[in-house]
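In the numbering used here, the protein residues as written are 159 to 484. Ideal Cβ positions, reconstructed from N, Cα and C, are used throughout, including at glycine. Here the structure is a predicted model, which is why all the values come from computation and not from measurement. What follows is a single structure, written as structure tokens, with notes after it.
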Amino acid sequence: MGASSSTEQPASAEQRELENIAASTGALPLLQKSFPNLSDPQTNAISVQTLQQCFHLCYEDPVCESQQKPESFPRLLDHLGSSIVDLFFLSEKGGINWLGFLGGYVKCCGRMSTSMSLNILLRIFAMAVKKLGLSSNLEFEPDDADCKINGSLLPSDLLLLLWMCWAMLWNARTLKSSERKGNLLLPDINHLVLSAVVACAEVDSSFDLWNCDIVGLDVQLPVGKFLNWAITTAPILSDCLTQYVNRRLQISVLAEDEAGSSESISGDMSPNASQALLLTRGRAWAISLAPRSTITEEILKLCFSADIVGTDENLLYRFVISPLIL
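In structure tokens, the structure reads:
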């Protein structure tokens, strides 16, 4: 495993510090188990390509509940894994050694403030957008200890960012094996985007909140105001990266035992499936992103259920329309 054996030189002070930080998150045993599974026995290091593939997320044809769907989204996900690795995992000659693996994990998933976690999500998003060949209005100050962000987001950018976070959580909660691609359902989260627009953007009195095209909406959301909105409205959003990274590392350990196994996505995943509910999947997720409460995990389980219509109706209320009205 990654920890030093009796035949190796004693761990450096830096290694001990990183191991202690990882242990404080509860992830050290997972890191120690996944490192030998991913690394080359000859070099005792993980190749950049192997770690990128470990974190790779690909859904070729997501099912979208909203009619407003940026066509670039599936291709954006293709660059998620490489963006995580390139930003946080230091590669030396021969690959990413145990120290680089520990350090990378601590940088992106260690204990940190909500604002710093959101900052990291924005960095990953901006890197993926850049790899996709699209432009971004986000600017980062790499010499700053907290990697200060300047610039702004368009509503269409925010939609992509939120869907990226949703996709990571969906993958972490539904896929059980790296050998199979599951299905991805993208909820209608226009209400969440519009909440940020109202809170962050300067719009005139003629702005029609209920009949606007989010994808084509040309208003700027200053990144500072967006972070304030996210911290107060959706702080749990910052947890999605850690859940995703941990699950992908777990899969690297369990893949052999669970080969070919994934959650059965046999429920109704048509775009209209959750429209028969007063509380749709997207609205339930928005509620779960608010400051954590005792019901948060219950709502999350329902959000990422394969069949939302068949879930606990005490939380997701069916809206039944009489055929006579139609």
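7 Å Cβ shell around glutamate 218 - same chain, five flanking residues per side excluded: Once the five neighbours on either side are set aside, the close Cβ partners of glutamate 218 are Pro232.
Spatially closest choice to proline 449 from Ser410, Leu318, Arg439, Ala388, by CA coordinates: The shortest C-alpha to C-alpha distance from proline 449 to any of Ser410, Leu318, Arg439, Ala388 is the one to Ala388.
Sub-8 Å separation of serine 255 and asparagine 202 beta-carbons: In the sequence as displayed, the identity of residue 255 is asparagine instead of serine. Yes, Cβ-Cβ distance for asparagine 255 and asparagine 202 is below 8 Å.
Cβ shell of asparagine 308 (< 6 Å), same chain only, five flanking positions each side left out: Only residues of its own chain outside the window of five on either side were considered, and among them Glu297 have a CB closer than 6 Å to the CB of asparagine 308, listed in chain order.
Nearest residue (CA-CA) to alanine 442, options Gln200, Arg174, Asn348, Asp366: Of the listed residues, the one whose Cα sits closest to alanine 442 is Asn348.
Check whether alanine 359 and valine 373 have beta carbons under 8 Å apart: Result no, Cβ atoms of alanine 359 and valine 373 do not sit closer than 8 Å.
Backbone secondary structure at valine 221 - three-state DSSP: Strand at valine 221.
Residue of Leu257, Ile394, Ala169 minimising C-alpha distance to leucine 279: The candidate whose alpha carbon is nearest that of leucine 279 is Ile394.
8 Å Cβ cutoff met for alanine 180 and valine 264: The criterion of a C-beta distance shorter than 8 Å is satisfied by alanine 180 and valine 264.
Contact check, leucine 248 vs glycine 258, beta carbons under 8 Å: Going by C-beta atoms, leucine 248 is nearer than 8 Å to glycine 258.
Classification of valine 356 by the beta-carbon crowding that lies within 10 angstroms, buried from 16 upward: Counting every other CB atom within 10 Å of its CB across the protein chains shown gives valine 356 a total below 16, marking it as exposed.
Arginine 405 beta carbon near the ligand ZN (any heavy atom closer than 7 Å): Among the components modelled here there is no ligand, and therefore nothing to report on the ligand ZN.
3-residue-minimum beta strand (DSSP E) runs that sit fully inside the stretch 224-302, ordered along the chain: You should have 296-298.
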